[in-house]
Amino acid sequence: MEALLQTLAVVATMANAVVYGTDVFSALVQRPAMAHVDDVVLTSAMGQTHRFGDRRMPIPGVFGLVATVATVAVAAVDGKAVPAVAAGIAAVSLVVWLALYNKVSAPVNKELTGAALECRTAPEARALQRTWDSVINARVALQALALGGMCVALATG
3 MEALLQTLAV
13 VATMANAVVY
23 GTDVFSALVQ
33 RPAMAHVDDV
43 VLTSAMGQTH
53 RFGDRRMPIP
63 GVFGLVATVA
73 TVAVAAVDGK
83 AVPAVAAGIA
93 AVSLVVWLAL
103 YNKVSAPVNK
113 ELTGAALECR
123 TAPEARALQR
133 TWDSVINARV
143 ALQALALGGM
153 CVALATG
């Protein structure tokens, strides 16, 4: 059971680290860079970025969430309270992240992607980007909490 717990925790940590790293990059590099471009470039660059990101990022996201929840279950069944609670905190953080993404980020992504694919500038490109930017720090914090929880689960499992 211990090997299964450790394997699941490693998979969860690695998959969630992909999303965390992407969000950190967005907060530290992409956000300030996009503040210095015009609306045409903003629409095109972010639309294309979201076009590929929204297709590809669900893969590590799903693996991360499923492996995190499985870590909770295995740790609980094995009677390991600390890793179960730590992974549980991680799972809740990921669910909150997902809700925030779906409510705020995904609609912006869809609008900017649509505009980019139609080779037009989104009329509210700057406002859309501000909306997206408004939750990136919270997304980073939620992913950091999830990774921290999984690190505790790994260390104590």
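Here my numbering is used: the first residue of the sequence shown is 3, the next is one more, and so on.
Ideal Cβ placement from N, Cα and C applies to all residues, glycine included.
| request: Identify, in the order they occur along the chain, each residue of the same chain with its Cβ nearer than 7 Å to the Cβ of threonine 123, setting aside the five sequence neighbours on each side. | output: Asp41, Val42, Thr45 and Ala117
| Residues of its chain near alanine 129, where Cβ-Cβ distance is below 7 Å and the 5 sequence neighbours each way are ignored | none
| query | Among Ser136, Glu120 and Ala88, which residue has its Cα nearest to the Cα of serine 107? | reply | Ser136
| query | Do you know whose CA, among Val76, Val94 and Ala89, lies nearest alanine 5's CA? | reply | Val76
| From glycine 81 to arginine 141, what distance separates their C-alpha atoms? | Roughly 31 Å between the two C-alpha positions.
| task | Compare the beta carbon distance of leucine 147 and isoleucine 91 with 8 Å and say whether it is the shorter of the two. | result | Contact flag set, yes.
| field | Ordered list of alpha helix (DSSP H) runs contained in the region 53-82, each at least 4 residues | value | As summarised for the region 53-82, the continuous alpha helix (DSSP H) elements at least 4 residues long and confined to that stretch are 60-79, given in chain order.
| Contacting residues, own chain, Cβ-Cβ under 7 Å from alanine 19 (five flanking each side not counted) | Leu149
| field | Own chain, CB closer than 7 Å to methionine 48, minus 5 neighbours either side, in chain order | value | Met36, Leu114 and Gln131
| message | I'd like to know whether the C-beta atoms of threonine 73 and alanine 14 end up nearer to each other than 8 Å. | response | yes
| Sorted by chain position, which residues of the same chain lie with C-beta nearer than 8 Å to valine 178's C-beta, five sequence neighbours on each side aside? | Lying outside 3 to 159, the shown extent of the chain, residue 178 is not represented and no answer is given.
| Cβ neighbour criterion (16 or more within 10 Å) applied to alanine 83 | Alanine 83 is exposed by the Cβ-count criterion.
| query | How many angstroms separate the CA atom of alanine 101 from the CA atom of methionine 3? | reply | 32 Å
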